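Residue numbers (our numbering): 138 to 441. Idealized CB from N, CA, C, for every residue including glycine. Owing to the predicted nature of the structure, the values given are computational and were not obtained by experimental measurement. Step one of this worksheet: look at the structure below.
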Amino acid sequence: MQARLKIDEGLGHAAVDVISNLRKSDGQLSAREQKVADFVSANLERISAMTIAEVAKACDVSTPTVVRFCRTMGCDGFREFKIRLAQNLAVSLQYLDVGERPETETSSGFLDQVIGALSASLNVMRKQLDGEVFETAKDHIAGAGTVLVGGVGGGSSMLAQEASNRFFRLGVSAIAVSDSYLLQMRAATLSKSDVILLISSSGEADEIVSAAEIAAGYGAATLAITKSGSTLARSVDCALQIDLPEDPDIYKPTASRYAYLVIIDALAMAVAQMRSDHTTENLRRIRASLTAYHGRTGPQPLGD
């Protein structure tokens with residue numbers, strides 16, 4: 138009993154990831170519960186179709202032992218354990234068996250893989266992007282009083298920050314927000330002269346869709362860079378829609394963020410040319426201020 142309590146404390150209430158709990162408890166269970174654990178580990182995809190009696194018979198243990206095992210894993214019983222396991226498997230199978238990897242990989246090999254994925258994603262994006270929608274998005278941004286750029290999550294947050302980073306240099310008042318609550322609050326301050334640009338690779342994040350609806354309610358133009366046919370794409374005035382397949386190699390960084398970044402850079406360049414007089418003066422001021430700050434007068438990128 139003491140051993141089981143110790144295991145429960147180690148697992149805490151992390152019932153969501155039963156596969157992780159299963160691995161953590163390996164070798165710490167009682168002999169009978171370990172038999173259940175070994176069977177489950179070897180038959181992850183079969184468990185959801187089995188009854189508790191079938192599992193008990195396959196493990197040569199009693200049904201109460203199976204129930205005790207499920208509770209040790211952080212679940213109330215066998216039914217919840219099956220549900221949790223099925224949920225885990227829906228997203229975890231590609232990580233449980235990654236196959237053989239080359240023992241030696243050169244630096245050029247890694248570079249070639251990443252560059253190859255980038256090139257493929259950009260080619261797909263170029264074919265999918267609607268030129269008329271791009272022009273509409275450009276016009277909205279160029280004429281905006283304020284551009285609120287929203288992105289929640291690792292990649293989208295970085296892209297939102299980069300979009301703001303590009304636009305302010307052009308004289309466009311741009312603010313990047315990645316906090317979900319602050320995004321709702323900022324969206325509520327927008328008006329008819331403003332624009333909200335939302336970035337989401339899935340287009341299904343509730344906080345992003347909600348921000349679009351709030352901004353639209355106050356008359357702001359709503360733009361998005363997102364997945365084709367997504368909820369976000371349907372919720373905004375103007376959606377730059379792309380559907381980029383991800384590489385099945387779990388170790389390779391997602392290439393879609395590069396495609397999104399190219400769209401942002403293209404929008405910034407188009408806006409800069411549309412507002413060329415104002416943009417040129419703004420960039421001159423920025424360069425002059427940096428020269429006064431660090432004293433260097435040689436060629437330097439103003440976008441970074």
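(Q) Quick test of your reading: Leu159 and Arg306, contact by CB under 8 Å. State the CB separation rounded to the nearest angstrom. (A) No, Leu159 and Arg306 are not in contact; Cβ-Cβ is about 51 Å, not under 8 Å.
Q | Ser330, buried or exposed, once every other Cβ within 10 Å from all chains shown has been counted against 16 | A | exposed
Q. For Phe304, which of Lys172, Leu398 and Phe215 has the nearest alpha-carbon?
A. Leu398
Q: Have a look at Lys275 and Ile252 and give me their C-alpha separation to the nearest angstrom.
A: 28 Å
Q) Contact check, Gly287 vs Ala279 under 8 Å by CB: the rounded distance? A) That belief does not hold up - the Cβ atoms of Gly287 and Ala279 are roughly 19 Å apart, past 8 Å.
Q) For the 8 Å Cβ check, are there 3 or more pairs between the stretch 322-342 and the stretch 415-434? A) no
(Q) DSSP three-state label for Thr359, please. (A) Note: Thr359 maps to strand in three-state DSSP.
Q.
Looking at the strands, I want to know which residues DSSP matches up with Ser337.
A. Within the DSSP bridge table, the entry for Ser337 names Thr363 as partners.
**Q.** Terminal residues of the alpha helix (DSSP H) in which Leu296 lies
**A.** Gly291 to Phe305
Q) Mind checking Ile423: buried by the 16 CB within 10 Å criterion, or exposed? A) exposed
Q.
Assuming contact is defined by CB atoms lying nearer than 9 Å, are Phe206 and Leu166 in contact in what I supplied?
A. Contact: yes.
(Q) At the level of alpha carbons, what is the spacing between Ser199 and Ala174? (A) 14 Å
Q.
So, under 8 Å CB-CB, Ala300 and Ile401 are touching, yes? Tell me the CB distance rounded to an integer number of Å.
A. 5 Å
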